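Residue numbers (the working numbering), protein chains in the order written: chain A, 1 to 113; chain B, 1 to 113.
Each residue gets a CB set at the ideal place from its N, CA and C atoms; glycine is no exception.
Here the structure is a predicted model, which is why all the values come from computation and not from measurement.
One structure is given below, encoded as structure tokens.
Protein chains: 2
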Amino acid sequence: MPSLSLRIDFDGDGRIGPGKIALLEQIAATGSISAAGRAMNMSYKRAWQLVDEMNGMFRGELVSAQTGGKNGGGTALTPLGTALVARFRAIERAAAGAAARDLAALQTDLERP
Amino acid sequence: MPSLSLRIDFDGDGRIGPGKIALLEQIAATGSISAAGRAMNMSYKRAWQLVDEMNGMFRGELVSAQTGGKNGGGTALTPLGTALVARFRAIERAAAGAAARDLAALQTDLERP
Numbered sequence: 001m002p003s004l005s006l007r008i009d010f011d012g013d014g015r016i017g018p019g020k021i022a023l024l025e026q027i028a029a030t031g032s033i034s035a036a037g038r039a040m041n042m043s044y045k046r047a048w049q050l051v052d053e054m055n056g057m058f059r060g061e062l063v064s065a066q067t068g069g070k071n072g073g074g075t076a077l078t079p080l081g082t083a084l085v086a087r088f089r090a091i092e093r094a095a096a097g098a099a100a101r102d103l104a105a106l107q108t109d110l111e112r113p
Numbered sequence: 001m002p003s004l005s006l007r008i009d010f011d012g013d014g015r016i017g018p019g020k021i022a023l024l025e026q027i028a029a030t031g032s033i034s035a036a037g038r039a040m041n042m043s044y045k046r047a048w049q050l051v052d053e054m055n056g057m058f059r060g061e062l063v064s065a066q067t068g069g070k071n072g073g074g075t076a077l078t079p080l081g082t083a084l085v086a087r088f089r090a091i092e093r094a095a096a097g098a099a100a101r102d103l104a105a106l107q108t109d110l111e112r113p
């Protein structure tokens, strides 16, 4: 079946798509921007650039460096970052559900014999 | 309001997104690949490359060169090309409708003060 890939274009020039969302999810999972980048075969520099870009796009940061505490350092999503990821995944599910019939029809229209 | 931008990934490595769909629509409107490219600020070469790529992606061509007839030459979408454009636009509408509430919520979550 064909699958949808979805990007959200914000007013101005900000964009969020599956790559940035996956990076945020990896940051939440690993507690580290560099580990998240590695998990996505992305250079350390590229991962930081994307985080920096995302942190500047909205009214607040999406990723915060946490210092101190029992484990020291560590990086996490802010509530805003967590909300963005959840909304994006909800929008993907809604879009995929709404488009399922047309995607199936497209597959029939277009598939090679 | 944030807006959705949508791409369809086909089995294998074919992808169709808003740029290719707009090019097909311009070809249908102008009857010419080069005029369609110009309308999209795309080089002649790039427009032809995209058409060639799309023509090789599916079980049949999406764009056909028409020869002969009263106006000679001329290029048009095949029924398969016309169907692809219609399905893509239908999927966009369905996805945008399904995601509208979440997009509005995202705007509220994220907008700058």
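Check whether the Cβ of residue i lies closer than 8 Å to any Cβ atom in chain B.
i: Asp13(A); result: no
i: Ile91(A); result: yes
i: Gly97(A); result: yes
i: Asp52(A); result: no
i: Ile27(A); result: no
i: Asp84(A); result: Note on residue identity: the sequence assigns Leu, not Asp, to residue 84(A). Chain B, which has a Cβ nearer than 8 Å to the Cβ of Leu84(A), makes this yes.
i: Arg87(A); result: yes
i: Leu80(A); result: yes
i: Ile21(A); result: no
i: Leu24(A); result: no
Using DSSP bridges, identify the partner residues of residue i.
i: Ile21(B); result: BP columns for Ile21(B) are empty, so no partner.
i: Leu77(B); result: Val63(B)
i: Arg15(A); result: Asp9(A)
i: Leu84(B); result: Answer is none; Leu84(B) lacks a bridge partner.
i: Leu4(B); result: Ile8(A)
By DSSP, does residue i sit in helix, in strand, or in coil?
i: Ser43(B); result: coil
i: Ser34(A); result: helix
i: Asp9(B); result: strand
Got a sec? Which residues, its chain only, sit under 7 Å from residue i by beta carbon, not counting five neighbours each side?
i: Gly81(A); result: Leu24, Leu62, Val63
i: Leu50(A); result: Lys20, Leu23
i: Ala118(A); result: Residue 118(A) falls outside the range modelled here, since chain A spans only 1 to 113, and no answer is possible.
i: Ser3(B); result: none
i: Asp109(B); result: none
If we define contact as Cβ-Cβ less than 8 Å, is residue i a contact residue for chain A?
i: Ser5(B); result: yes
i: Ala94(B); result: yes
i: Ile33(B); result: no
i: Ala39(B); result: no
i: Leu77(B); result: no
i: Ala105(B); result: yes
i: Arg59(B); result: yes
Keeping to the same chain, check which residues put their C-beta closer than 8 Å to that of residue i; ignore five residues upstream and five downstream.
i: Met1(A); result: Leu103, Ala104, Gln107
i: Ala76(A); result: Ile27, Ala28, Gly31, Val63, Ser64, Gln66
i: Asn55(A); result: Glu61, Leu62, Val63
i: Gly17(A); result: Ser5, Leu6, Arg7, Ile8
i: Arg89(A); result: Ile21
i: Thr78(B); result: Gly60, Glu61, Leu62, Val63, Ser64
Can you find the residues in the same chain that come closer than 6 Å, C-beta to C-beta, to residue i, ignoring five residues on each side of it along the sequence?
i: Glu92(B); result: Leu6
i: Met57(A); result: Gly14
i: Ala83(B); result: none
Run the proximity test for residue i: is its beta-carbon closer than 7 Å to any non-hydrogen atom belonging to the ligand GTP?
i: Leu23(B); result: As for the ligand GTP, it is missing from this structure, which has no ligand bound.
At a Cβ threshold of 8 Å, is residue i touching chain C?
i: Ala36(A); result: Absent from the structure: chain C. Protein chains present are A and B.
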